[in-house]
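Engineer:
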Amino acid sequence: MSAVLSLEGVHTHIGRYHILQGVDFDAPAGRTTMLLGRNGAGKTTALRTVMGLWRVSKGRIALGETPLQNMTASDVARLGVGYAPETMAVFSDLSVKENLVLGARSGALNAARLDWIFGFFPALKRFWLSRAGSLSGGQKQMLSIARAIVEPRELLLIDEPTKGLAPAIVGSLIACLKEIKATDVTILLVEQNFRVAREVGDEVRVMDNGRIVHRGAMAELAADEALQNRLLGLSLDSHQ
Amino acid sequence: MSALDAGAALPRRRMEILPALTPLIVALVAAPFIGSPSTFVTLTAAGLAMGMMIFTMASGLTLVFGMMDVLNFGHGAFIALGAYVATLVLLPLAGWSSANSLALNLAVFVLAVLAAALVCGAVGWAFERLIVKPVYGQHLRQILATIGGSIIAEQLLYALFGPERIPVALPTTFQGSIVLGEAAIEKYRLLATLVGLAVFAGEMLILNRTKIGLLIRAGVENREMVEALGYRVDRLFVGVFMAGSALAGLGGAMMALYRGLVHATIGGEFLVLCFIVIIIGGLGSVGGSFVGAILVALIANYAGFLAPKLALVSNIMAMVVVLLWRPRGLYPVSGR
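Residue numbers (this note's numbering), protein chains in the order written: chain A, 1 to 240; chain B, 1 to 336.
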């Protein structure tokens with residue numbers, strides 16, 4: 001299975017802090033790879049580093065054969081990488097429509113793709129001309145993900161989409177993520193919620209202290225409670 | 001219906017009306033104290049014209065600060081440069097200016113203000129590349145670098161044009177006043193008001209109806225995300241800085257004609273006022289600057305008539321009152 005994204009010995013410093021300390025992992029093509037780990041393990045930094053929002057101090061990142069480590073975020077995005085950050089980062093003063101128009105960098109919004117998105121995010125159609133700032137947290141998350149997929153992408157980076165959302169909304173979001181996953185897009189998904197990880201993930205990479213400490217199939221980790229406890233300090237079953 | 005889809009229909013985007021009405025409220029409060037309707041009309045028309053010129057200068061500053069997070073204390077240099085460029089166009093074309101022809105008068109006016117805007121836009125490009133770009137994200141250095149750039153620009157203007165005030169004559173058509181009842185309204189003030197309204201309409205059109213405008217509005221709120229969507233924010237920055245400089249030059253040219261005198265200190269005089277206006281309006285908000293500029297100019301005019309000593313501090317007092325009411329300005333921009 002070929003890797004769409006690969007990181008080799010990636011180091012990232014933020015100010016005087018050495019956050020990523022030689023990260024090695026890959027995200028196989030057409031699969032959903034979960035990036036798990038405790039708070040502060042470096043998951044968000046890893047995503048931001050791939051996206052070009054933090055500079056790589058040392059190491060190599062590649063999208064297919066294209067090196068990313070010296071690229072700006074706009075260059076990385078132009079290669080077909082969609083990004084839905086932890087903060088959602090929707091443009092509050094812009095309407096839902098305007099947020100999506102900005103997501104469609106290469107041209108006008110595609111009606112068929114919009115219909116596909118409205119199929120699992122119907123609220124976006126209903127609130128089409130509303131200010132994004134007036135949406136609920138879950139709807140902002142929908143908009144953030146929709147903006148990342150409003151054009152076909154080679155790789156999707158999604159950072160903690162369920163953070164701060166009510167359990168009922170998390171269930172709906174899992175269904176949405178499965179819809180997106182069904183398009184065979186490669187996804188790298190940072191998540192704290194094990195239920196989401198188990199239901200959506202094909203592969204898993206676990207980080208701790210700025211390094212990858214485990215890589216394998218998500219199903220294997222989900223089935224091995226002892227491994228979960230050792231890697232994450234928490235049982236998967238306690239997060240149903 | 002999924003949980004994500006739940007919730008009542010949200011309101012469509014709606015602008016708050018009350019902040020936009022503040023100039024009207026100020027005018028209505030001032031009217032009884034002024035007494036004479038003709039004086040009130042004259043003061044209000046003068047205030048609107050001054051407000052439009054200040055807005056033209058300040059709107060560029062608010063975009064530059066809002067989007068690029070750059071404290072450009074060099075903005076005043078572009079106001080002065082615009083005034084001088086307009087003068088350089090008007091002086092050799094004095095024949096057109098003094099001719100008794102609306103077409104020639106209008107042509108020389110348009111040439112002067114266009115030249116001011118274009119030259120300032122071009123110089124703005126060099127200023128951004130040489131002085132501003134190296135200090136992005138470093139406010140203290142921005143202040144030092146842009147003040148330094150401004151001093152150099154002002155001294156260059158002194159060296160090129162001398163320290164004397166250069167008189168500039170208004171084109172014949174725009175001299176004198178129109179009398180409405182007992183109120184006299186200077187023709188040039190009407191022209192300045194029309195130009196300011198056209199600038200405002202143009203800016204709102206670009207910001208709200210074009211993708212470039214959308215990017216600028218998004219960039220004011222979250223530059224990083226705009227970049228992560230694949231847009232080259234650095235190029236957008238250069239464009240915004242050039243547009244901001246061009247607007248400063250246009251405003252400077254308009255103001256030079258209004259005063260009939262050009263001097264290198266004109267930029268410094270209006271820079272403080274521009275900062276007051278963009279703070280009142282809400283940093284990064286063009287609409288807020290529009291309302292703020294009218295508000296400041298009307299208050300200054302009414303205060304100058306009713307209590308001249310108060311006029312010296314009226315701008316600062318207006319800012320204090322607005323910020324006590326709305327700490328982030330009349331129309332705050334999210335993320336600012």
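Ideal Cβ positions, reconstructed from N, Cα and C, are used throughout, including at glycine. Since this is a predicted model, take the numbers as computed values, not measurements.
What number of angstroms, rounded off, separates the C-alpha of residue 84 of chain A from the C-alpha of residue 116 of chain B?
Structural biologist: To locate residue 84 of chain A, count along the first sequence from 1; it is residue 84. To locate residue 116 of chain B, count along the second sequence from 1; it is residue 116. About 43 Å.
Engineer: Compute the beta-carbon to beta-carbon distance between residue 252 of chain A and residue 197 of chain A, rounded to the nearest angstrom, for a pair I have assumed lies under 8 Å.
Structural biologist: For chain A, the structure presents residues 1 to 240; residue 252 of chain A sits outside this window and is missing.
Engineer: Within a Cβ cutoff of 6 Å, which residues of the same chain sit near residue 191 of chain B, ignoring the five residues on either side of it in sequence?
Structural biologist: Within the second sequence, numbered from 1, the residue matching residue 191 of chain B stands at position 191. Cβ neighbours of residue 191 of chain B beyond the five flanking positions: 174.
Engineer: Can you tell me the Cβ-Cβ gap for residue 276 of chain B and residue 319 of chain B, rounded? I've got them flagged as a contact below 8 Å.
Structural biologist: On the second sequence, residue 276 of chain B is found 276 positions in, with the first residue counted as 1. On the second sequence, residue 319 of chain B is found 319 positions in, with the first residue counted as 1. With 8 Å as the limit, residue 276 of chain B and residue 319 of chain B qualify as a contact, their Cβ atoms being about 5 Å apart.
Engineer: Which residues of the region 87 to 116 of chain A have a Cβ closer than 7 Å to any Cβ of chain B? Give them in chain order.
Structural biologist: So the close ones are 89, 91, 92, 93, 94, 95, 98, 101, 102, 103 and 105.
Engineer: Taking the alpha-carbon positions, what's the residue 193 of chain B to residue 111 of chain B distance?
Structural biologist: Translated into positions along the second sequence, residue 193 of chain B becomes position 193. Translated into positions along the second sequence, residue 111 of chain B becomes position 111. Approximately 18 Å, taken between the alpha carbons.
Engineer: Do you know how far the Cα of residue 269 of chain B is from the Cα of residue 150 of chain B?
Structural biologist: In the second sequence, the residue the question calls residue 150 of chain B occupies position 150. In the second sequence, the residue the question calls residue 269 of chain B occupies position 269. Cα to Cα, the separation comes out at about 13 Å.
Engineer: Check distances from the C-beta atoms of the region 230 to 248 of chain B to those of chain A and list, in chain order, the residues that come in under 9 Å.
Structural biologist: Listed in sequence order: 230, 231, 232, 233 and 234.
Engineer: Scan the region 52 to 74 of chain A for residues whose Cβ lies nearer than 9 Å to a Cβ of chain B and list them as they occur along the chain.
Structural biologist: Hits within the stretch, in order: 52, 53, 72, 73 and 74.
Engineer: To which residues of the same chain is residue 135 of chain B closer than 6 Å at the C-beta, ignoring the five residues directly before and after it?
Structural biologist: Stepping through the second sequence from its first residue, residue 135 of chain B is reached at position 135. Excluding positions up to five away in sequence, the list reads 141, 142 and 145.
Engineer: Does residue 195 of chain A come within less than 8 Å of chain B when only Cβ atoms are used?
Structural biologist: Counting from 1 along the first sequence, the entry for residue 195 of chain A is found at position 195. No - not a single Cβ of chain B is within 8 Å of the one on residue 195 of chain A.
Engineer: Just the chain B side, please: which residues come within less than 7 Å of residue 77 of chain A by C-beta, in chain order?
Structural biologist: Numbered from its first residue, the first sequence carries residue 77 of chain A at position 77. Near residue 77 of chain A (Cβ distances below 7 Å), the residues of chain B are 228, 229 and 230.
Engineer: Along chain D, which residues have their Cβ under 9 Å away from the Cβ of residue 83 of chain A?
Structural biologist: Any reference to chain D falls outside this structure, whose protein chains are A and B.
Engineer: Determine the chain A residues that contact residue 333 of chain B at a beta-carbon separation under 8 Å, and present them in chain order.
Structural biologist: On the second sequence, residue 333 of chain B is found 333 positions in, with the first residue counted as 1. What residue 333 of chain B touches in chain A: 93.
Engineer: Identify, in the order they occur along the chain, each residue of the same chain with its Cβ nearer than 8 Å to the Cβ of residue 131 of chain B, setting aside the five sequence neighbours on each side.
Structural biologist: In the second sequence, residue 131 of chain B corresponds to position 131, counting from 1. Excluding sequence neighbours, residue 131 of chain B sits near 74, 145, 146, 148 and 149.
Engineer: Buried or exposed, going by whether 16 or more other CB atoms sit within 10 Å of the CB of residue 216 of chain B?
Structural biologist: On the second sequence, position 216 is the one that residue 216 of chain B refers to. Under this definition residue 216 of chain B is a buried residue.
Engineer: When DSSP labels each residue in this structure, what does residue 58 of chain A get in the three-state scheme?
Structural biologist: Taking the first residue of the first sequence as position 1, residue 58 of chain A is located at position 58. In this structure, residue 58 of chain A counts as strand in the three-state DSSP scheme.
Engineer: Are the C-beta of residue 217 of chain B and some C-beta of chain A separated by less than 8 Å?
Structural biologist: The count along the second sequence starts at 1 and reaches residue 217 of chain B at position 217. Taking Cβ atoms only, chain A reaches closer than 8 Å to residue 217 of chain B, which makes this a yes.
Engineer: Nearest chain B C-beta to residue 236 of chain A closer than 8 Å, yes or no?
Structural biologist: The count along the first sequence starts at 1 and reaches residue 236 of chain A at position 236. Bear in mind that the predicted position of residue 236 of chain A carries a pLDDT of just 43, short of 50, making it too unreliable to give a figure here.
Engineer: Of all the options B:129, B:246 and B:84, which has the alpha carbon lying nearest to the alpha carbon of residue 264 of chain B?
Structural biologist: The count along the second sequence starts at 1 and reaches residue 264 of chain B at position 264. Of the candidates B:129, B:246 and B:84, the one whose C-alpha sits nearest the C-alpha of residue 264 of chain B is B:84.
Engineer: Decide if the region 7 to 23 of chain A is in contact with the region 169 to 185 of chain A; the criterion is three or more beta carbon pairs, one per stretch, under 8 Å apart.
Structural biologist: The region 7 to 23 of chain A vs the region 169 to 185 of chain A: no contact.
Engineer: Please compile the residues from chain A whose C-beta is within a distance smaller than 7 Å of the C-beta of residue 221 of chain B.
Structural biologist: For the purposes of this step, residue 221 of chain B is identified with residue 221 of the second sequence, where counting begins at 1. Those are 91, 92 and 93, listed as they occur along chain A.
Engineer: I'd like to know if residue 214 of chain B contacts chain A, where contact means its C-beta is closer than 8 Å to some C-beta of that chain.
Structural biologist: Position 214 of the second sequence, counting from 1, holds the residue named residue 214 of chain B. Closer than 8 Å to some Cβ of chain A, the Cβ of residue 214 of chain B qualifies, so yes.
Engineer: CB residue 73 of chain A to CB residue 52 of chain A, shorter than 8 Å?
Structural biologist: In the first sequence, the residue the question calls residue 73 of chain A occupies position 73. In the first sequence, the residue the question calls residue 52 of chain A occupies position 52. Cβ distance < 8 Å, so residue 73 of chain A and residue 52 of chain A count as in contact.
Engineer: Tell me which residue opens and which closes the beta strand (DSSP E) that residue 6 of chain A is part of.
Structural biologist: In the first sequence, the residue the question calls residue 6 of chain A occupies position 6. Looking at the DSSP string, the run of the beta strand (DSSP E) that includes residue 6 of chain A is 3 to 14.
Engineer: Determine the DSSP secondary structure at residue 32 of chain A, reduced to helix, strand or coil.
Structural biologist: For the purposes of this step, residue 32 of chain A is taken as residue 32 along the first sequence, with counting starting at 1. Three-state result, residue 32 of chain A: strand.
Engineer: On the three-state DSSP scale, how would you describe residue 175 of chain B?
Structural biologist: Here residue 175 of chain B is taken as the residue at index 175 of the second sequence, counted from 1. Coil, per DSSP.
Engineer: Hey, which unbroken runs of the beta strand (DSSP E) at 3 residues or more fall wholly within the region 66 to 114 of chain A?
Structural biologist: Entirely contained in the region 66 to 114 of chain A, the beta strand (DSSP E) runs reaching 3 residues are, in chain order, 81 to 84.
Engineer: Which residues share a DSSP beta bridge with residue 263 of chain B?
Structural biologist: The residue you call residue 263 of chain B lines up with position 263 of the second sequence. DSSP, once it has assigned bridges, lists no residue as partnering residue 263 of chain B.
Engineer: Check whether the Cβ atoms of residue 284 of chain B and residue 330 of chain B lie closer than 8 Å to each other.
Structural biologist: In the second sequence, residue 284 of chain B corresponds to position 284, counting from 1. In the second sequence, residue 330 of chain B corresponds to position 330, counting from 1. Cβ atoms of residue 284 of chain B and residue 330 of chain B: not closer than 8 Å.
Engineer: Rounded to whole angstroms, what is the Cα-Cα separation between residue 4 of chain A and residue 52 of chain B?
Structural biologist: Walking along the first sequence from the start, residue 4 of chain A turns up at place 4. Walking along the second sequence from the start, residue 52 of chain B turns up at place 52. Roughly 55 Å separates the two Cα atoms.
Engineer: Which residue's Cα is closest to the Cα of residue 19 of chain A: A:48, A:70 and A:166?
Structural biologist: Residue 19 of chain A sits at position 19 when you count from the first residue of the first sequence. Out of A:48, A:70 and A:166, A:48 has the C-alpha closest to the C-alpha of residue 19 of chain A.
Engineer: According to DSSP, simplified to helix, strand and coil, what is residue 326 of chain B?
Structural biologist: To locate residue 326 of chain B, count along the second sequence from 1; it is residue 326. Of the three classes helix, strand and coil, the one that applies to residue 326 of chain B here is coil, per DSSP.
Engineer: Just to confirm, are residue 203 of chain A and residue 31 of chain A a CB contact at a threshold of 8 Å?
Structural biologist: Mapped onto the first sequence, residue 203 of chain A falls at position 203. Mapped onto the first sequence, residue 31 of chain A falls at position 31. Yes; because the gap between Cβ atoms is below 8 Å, this pair is in contact.
Engineer: Quick one: is residue 115 of chain A buried, meaning 16 or more other Cβ sit within 10 Å of its Cβ, or exposed?
Structural biologist: Along the first sequence, read from residue 1 onward, the residue named residue 115 of chain A stands at position 115. By the 10 Å Cβ count, residue 115 of chain A comes out exposed.
Engineer: Going by DSSP, what residues sit across from residue 216 of chain A in a beta bridge?
Structural biologist: The count along the first sequence starts at 1 and reaches residue 216 of chain A at position 216. Paired residues: A:204.
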